[in-house]
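Protein chains in written order, with our numbering: chain R, 376 to 738; chain B, 223 to 730; chain W, 110 to 401; chain D, 562 to 901. Beta carbons are placed, not taken as given, at the ideal position from N, Cα and C, and that holds for glycine. In this text the structure is predicted, and so the values were computed from the model without any measurement. What follows is one structure encoded as structure tokens, with my remarks underneath.
Here it is, written out as structure tokens:
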């Protein structure tokens with residue numbers, strides 16, 4: 376068991392930086408997801424942790440021990456690869472037994488640990504098969520099995536379930552989380568899928584273009600994105616952005632859009648007054664934080680329904696709002712028709728305001 | 223069983239053993255000889271002039287020698303029968319055989335780099351002897367050495383057939399002798415006596431003389447014969463062609479082929495040098511003069527009545543054509559008589575073939591005022607000693623050179639595989655005289671009248687051209703003559719092109 | 110992926126085309142087989158039989174070709190009198206030896222080239238390929254001199270090294286393609302699992318084994334069939350089958366029967382091998398070309 | 562939730578947004594809604610040693626260098642000297658080259674013939690090879706036929722030369738008889754006439770090496786993406802158009818590798834040429850390697866031979882480089898892939 380310190384780490388490929396001054400502390404037993412689009416440097420980070428890439432600058436410590444120059448086999452880690460990296464010519468058993476064999480563990484112990492791990496992963500009946508005969512999910516379990524038999528101090532996951540179909544992915548998310556809870560091992564999990572990160576991780580490190588954007592619990596990331604990019608990247612369906620103006624009137628700050636005009640709450644107004652001098656802002660609100668109705672109510676403002684998309688348990692509605700388009704998530708029994716008017720209400724506590732130019736979140 | 227040296231690369235597996243063990247095991251047995259490199263060992267026990275002959279022969283007992291030879295029958299025969307030599311001297315000899323070009327290359331690099339991987343070399347007179355003359359030991363030193371045994375028949379010019387020692391042993395100077403004649407190939411005429419007799423009456427009606435082959439038969443007659451046969455064929459008769467040339471890819475024999483015609487007419491040679499000595503700097507060539515152009519025209523005319531596949535027929539292929547009964551006459555090397563007389567391979571066997579000297583010059587074709595002769599050319603394979611080897615190795619090698627050219631060895635080869643002796647004394651060995659007449663058990667002997675008693679004697683015999691660039695010279699001749707025969711250029715242009723290239727080659 | 114499953118629609122033109130295809134393939138088949146067939150049959154013929162040929166235009170004369178008494182004397186002659194047992198062994202040893210050396214050295218080098226990036230790698234790689242392009246005759250003289258100074262001429266070791274000159278660059282080139290197609294992740298997994306770099310390399314060898322095996326056979330084929338190197342570097346102590354066969358063309362005698370028999374002896378093992386690895390042959394040749 | 566201590570001593574773990582490096586760590590700023598870093602690392606860690614790879618490459622590279630570079634420099638040395646039968650190698654500068662380029666007709670002729678020979682061989686082998694592969698690809702007999710078609714490839718070129726010499730022979734060759742009987746040839750055999758000898762050689766090469774192209778093309782055909790074929794057919798292409806629009810582009814890298822292999826070996830191997838014609842008749846088949854063989858090994862003019870060898874080497878390598886370049890190009894790489 377170990378904590379991990381990533382201390383101002385850089386990764387260069389030739390002259391191109393892939394990771395820039397990453398600073399991250401992972402506590403012992405914590406499950407941290409590294410989230411970002413492809414090319415953001417998350418995989419490089421993981422590979423530096425594994426010892427598969429040279430650390431261009433900075434250092435990484437497991438506990439107090441600097442591991443920069445340790446080869447992978449001396450780091451006491453286990454890793455699950457995106458494409459599983461199973462040995463095609465070996466059986467599931469041998470694949471899982473491999474790390475133990477390489478460490479010279481006794482045959483009977485190997486047998487025991489592999490069977491135990493296989494039982495946890497429910498692949499006990501597949502042990503004599505070869506990877507070619509397995510389904511994607513089974514391969515993935517085998518790869519995980521190979522990682523857990525060794526009981527390492529640190530688990531590294533590199534998009535382990537990205538290639539599974541949607542249903543299986545959902546299933547595996549739960550299982551992985553459960554497994555991590557059970558084993559209590561520190562785990563670093565790289566993914567581009569925010570759903571995985573949000574659902575499983577204790578904390579999420581959001582990265583873009585090699586730079587850490589925000590580190591926090593899933594809630595913090597979702598509810599308090601530090602900038603417009605994070606707000607836009609996290610959340611499905613994505614957040615709506617609307618350009619607005621701040622108008623001061625009678626000591627009140629009002630947020631003005633062509634379709635609506637809202638009064639900021641005092642604490643919101645205080646933050647704006649303290650930190651923002653300009654008047655042009657960008658408002659961000661998530662689709663599920665907008666209420667939609669065919670009937671006008673107080674505080675609501677009008678728009679026009681463009682398209683309705685029922686998606687089973689929910690319905691998505693595209694609404695035209697002045698010149699802008701807003702996506703709203705509502706109940707499936709919403710009865711609005713296309714091209715007919717509708718009325719929106721915003722959940723005032725939950726919307727965000729970003730600086731117009733720099734995109735820094737005000738709240 | 224023959225004696226096999228311990229390190230022999232060539233190991234013979236007796237038939238019975240082969241059958242007993244099966245091929246696979248025999249293969250494995252052969253593996254024992256795999257990693258043998260080229261190595262020499264010399265051991266010497268001192269002898270004096272007064273020592274016994276036996277002691278002189280035995281003085282290098284335990285020595286190992288390597289002989290690099292062309293893949294010709296005498297070398298195979300000698301290699302299979304080395305035991306008498308080992309018994310006589312205690313010297314082990316390893317005989318390597320390769321294709322002539324490979325032999326040329328390997329011997330060349332060995333000689334020129336001052337090494338002696340091969341102590342003994344097969345000195346094919348012009349292709350190897352002429353270029354590398356300076357690198358061979360002077361055999362005169364050994365002939366006159368009384369601490370070495372000597373052949374009872376001697377090693378001087380008289381011991382060999384006329385001119386033979388000169389052909390392969392004398393290059394550019396008489397001070398040095400670089401090789402002893404080891405085997406020989408001398409041209410003579412092979413013709414189908416049966417066909418000649420059969421068609422002679424018709425021929426005589428048309429041409430006014432009998433169709434027969436004598437030492438006075440000229441190249442003009444050859445043309446007539448060939449034309450006659452060609453006409454018969456054109457008239458639908460089942461007769462072979464009358465004549466064919468050696469103008470296939472083997473450059474040396476292609477040059478020798480046209481050389482015979484040229485020499486027959488006024489003893490024309492390509493350079494103004496002593497034909498028997500040759501020269502390292504032969505000066506401007508005579509190619510392009512009136513004689514050469516005129517004779518080139520005749521050569522082309524001959525080609526036009528000859529077998530149409532001239533340019534594919536090198537010497538060996540030509541012989542096959544003759545064997546197959548597709549030509550009635552060929553000027554061929556006497557070593558091929560055995561294959562012609564072999565009923566199993568030849569349709570010209572069984573007394574159908576007669577042998578005569580090479581055709582004579584036609585007086586009216588002579589443009590240089592010289593005499594008409596039976597131009598005869600040859601290839602004499604000599605055995606020479608690498609001068610880079612140590613004195614003792616050279617002396618040991620001399621023992622082998624002497625033994626391998628002794629009359630007993632030559633006689634054995636003649637009896638065994640049909641060799642071509644170089645020593646006069648072989649003619650007096652038992653049965654050789656009788657073998658010159660049919661029926662014979664030494665078919666090559668059928669040619670001896672035409673060759674040894676006539677063709678090789680002056681003035682008929684042409685030795686050269688002995689020049690260091692002999693091989694390049696042959697290739698020039700071959701290519702240009704082929705162009706001439708195939709109609710790509712006329713005879714005058716051919717001779718001029720040869721002249722230009724040869725002079726360029728000789729830095730003129 | 111196979112394009113042969115694309116639906117075809119019958120039409121008169123197609124029927125004619127189909128017939129034409131069959132005829133064409135049949136002619137090509139004949140053209141391919143005939144020389145080999147002639148070689149095989151002639152090896153069983155006596156010399157005179159081998160030289161018999163019908164008159165021009167006499168098509169019924171083809172029967173002459175089959176009119177002979179089969180004899181195995183040429184084969185017995187090769188092995189009993191002409192030492193072909195030894196030459197066969199030499200061929201096997203030299204071809205196999207060079208194939209093993211080339212593939213061993215080639216695989217390690219190709220692996221390293223496949224797994225690392227450095228400046229000038231492309232140039233190095235091209236240089237490696239270019240050494241295979243060098244015409245044999247162009248480098249023969251210096252090579253002979255070098256080999257002789259190392260006392261390798263006429264020995265099997267020399268021949269093995271000589272064959273390595275053309276097999277090794279080819280091996281590096283093709284095997285690099287093999288390794289490029291093996292995901293690096295497998296070795297990474299190995300290393301994370303606790304393998305050293307070398308163990309990781311060894312662990313992926315089974316993955317490229319079929320390719321390497323096929324390529325090994327290809328190397329054997331190239332070496333076995335070589336003539337120029339064998340005749341100049343090898344002849345003497347390490348005479349191989351093609352050289353020994355060529356030597357049957359003697360100044361006074363072409364032993365056609367024995368040549369054909371020797372041809373059969375030289376060719377049969379390779380045809381058998383070819384049959385054996387046909388499936389992998391393409392992989393061996395094209396894997397370097399195509400990235401999966 | 563653990564509290565994080567970040568440089569600057571700020572306790573930010575309980576801030577509502579978690580940790581945002583902006584404002585805590587120098588250089589981090591937000592721009593257009595994204596956090597970026599405008600700084601360089603203070604010091605880089607030393608690069609890891611790659612000796613490991615070096616050691617793996619070394620044996621092969623050293624072997625190759627010894628057997629290729631050393632002869633190469635030797636060749637250069639010889640080409641600048643008058644190296645022949647006589648001892649004492651005189652420095653002659655570029656004289657050997659001058660001779661080749663100014664008055665050696667066989668040299669220019671040799672190049673011309675080599676180009677002719679290679680071009681003819683390659684052209685017909687590729688044409689025939691692709692045709693046969695396409696026909697085989699849809700044949701029920703593919704496996705059997707390919708196996709049979711491969712046989713010539715397995716034969717040593719020297720042996721093939723001997724067998725074809727036998728077949729072509731004007732006295733007892735069955736091919737000669739056949740060609741005479743159908744009126745293609747007179748009594749002159751195919752190798753016996755300057756006008757046909759080259760054809761004879763090319764035929765042997767085609768016989769022996771078309772199978773290689775067949776094999777490689779077949780492999781390529783198996784990878785032609787079916788969706789591309791189908792898309793094209795739905796678009797209204799016939800089979801022939803399909804071949805040129807879809808199949809051929811996909812075969813491109815395969816054909817290239819075939820051409821590269823044949824090109825290399827066509828220049829390299831002259832075993833069968835030496836046996837069949839030795840360059841004759843009348844220099845009609847005296848391709849440059851054969852002439853080189855004569856100059857070096859028959860005339861023993863090693864200096865001139867080295868000069869010829871060098872030109873041959875340089876041209877081969879330049880052409881080879883060209884082929885490899887095409888081969889490495891992106892067009893050749895994207896095979897068997899469908900976008901989307």
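Check, Outcome
"Segments of 4+ residues assigned as alpha helix (DSSP H) that fall wholly inside the stretch 405-434 of chain R", "417-425"
"Neighbour flag for residue 855 of chain D against chain B, beta carbons, 8 Å", "yes"
"Buried versus exposed call for residue 390 of chain W [16 or more other C-beta atoms within 10 Å across all chains shown]", "buried"
"Cutoff 6 Å; reference residue 833 of chain D; Cβ partners in own chain excluding five residues on either side", "718, 721, 722 and 765"
"Span of the beta strand (DSSP E), counted from its first residue to its last, around residue 729 of chain R", "727-730"
"Inter-residue Cα distance where the pair is residue 594 of chain B and residue 743 of chain D", "46 Å"
"Assigned secondary structure, residue 428 of chain B (DSSP; H/G/I helix, E/B strand, else coil)", "helix"
"Cβ pair residue 586 of chain R, residue 395 of chain R closer than 8 Å", "yes"
"Beta carbon of residue 331 of chain B nearer than 8 Å to that of residue 283 of chain B", "no"
"8 Å Cβ cutoff, residue 609 of chain B in contact with chain W", "no"
"Cβ contact check for the stretch 233-249 of chain W and the stretch 171-182 of chain W: 3 or more pairs under 8 Å", "no"
"Contacts that residue 302 of chain W makes with chain R (C-beta to C-beta distance below 8 Å)", "448, 453, 473, 474, 477, 521 and 525"
"Length-filtered (4 minimum) alpha helix (DSSP H) runs lying within the stretch 505-579 of chain R", "511-523, 541-558 and 569-575"
"CA nearest to the CA of residue 261 of chain W, picked from B:361, B:357 and B:339", "B:339"
"Residue interval of the beta strand (DSSP E) (run including residue 278 of chain B)", "From DSSP, residue 278 of chain B is part of no beta strand (DSSP E) but of the alpha helix (DSSP H) over 275-280."
"N- and C-terminal bounds of the beta strand (DSSP E) containing residue 590 of chain D", "589-592"
"Buried/exposed call for residue 307 of chain W, threshold 16 Cβ in 10 Å", "exposed"
"Alpha-carbon to alpha-carbon, residue 502 of chain B and residue 260 of chain B", "Residue placement at residue 260 of chain B is flagged as unreliable, the pLDDT there being 43, under the threshold of 50; a coordinate-derived value is accordingly withheld."
"Under 8 Å from the C-beta of residue 443 of chain R: neighbouring residues of chain W", "By Cβ distance, chain W contributes nothing, its closest Cβ being about 16 Å from residue 443 of chain R, past 8 Å."
"Distance, residue 693 of chain R Cα to residue 607 of chain R Cα", "17 Å"
"Residue from D:653, D:633, D:635 and D:631 whose Cα sits closest to the Cα of residue 641 of chain D", "D:653"
"Neighbourhood of residue 724 of chain B by C-beta, 7 Å cutoff - its chain only, sequence neighbours within 5 removed", "507, 509, 695 and 698"
"Cβ-Cβ distance between residue 414 of chain B and residue 571 of chain B below 8 Å", "no"
"Start and end residues, beta strand (DSSP E) containing residue 735 of chain B", "This structure cannot settle anything about residue 735 of chain B, because the visible part of chain B is limited to 223 through 730."
"Reduced DSSP category for residue 383 of chain B - H, G, I as helix; E, B as strand; rest coil", "coil"
"Spatial neighbours of residue 454 of chain R in its chain, beta-carbon cut-off 6 Å, leaving aside the 5 residues before and after", "425 and 531"
"Under the three-state DSSP convention, the category residue 148 of chain W falls into", "helix"
"Distance, residue 391 of chain R Cα to residue 414 of chain R Cα", "12 Å"
"8 Å Cβ cutoff met for residue 624 of chain D and residue 690 of chain D", "no"
"9 Å Cβ cut-off: residues of chain D touching residue 328 of chain W", "Here the premise fails: no neighbours, minimum Cβ distance about 14 Å."
"Residues sharing a beta bridge with residue 624 of chain R, DSSP", "R:627"
"The stretch 313-325 of chain B in contact with the stretch 339-356 of chain W per 3-pair CB rule at 8 Å", "yes"
"Candidates D:674, D:662 and D:596: closest to residue 843 of chain D by CA position", "D:674"
"Every unbroken alpha helix (DSSP H) inside the stretch 125-175 of chain W [4 residues or more]", "156-160 and 172-175"
"Test: residue 754 of chain D CB closer than 8 Å to a CB of chain B", "yes"
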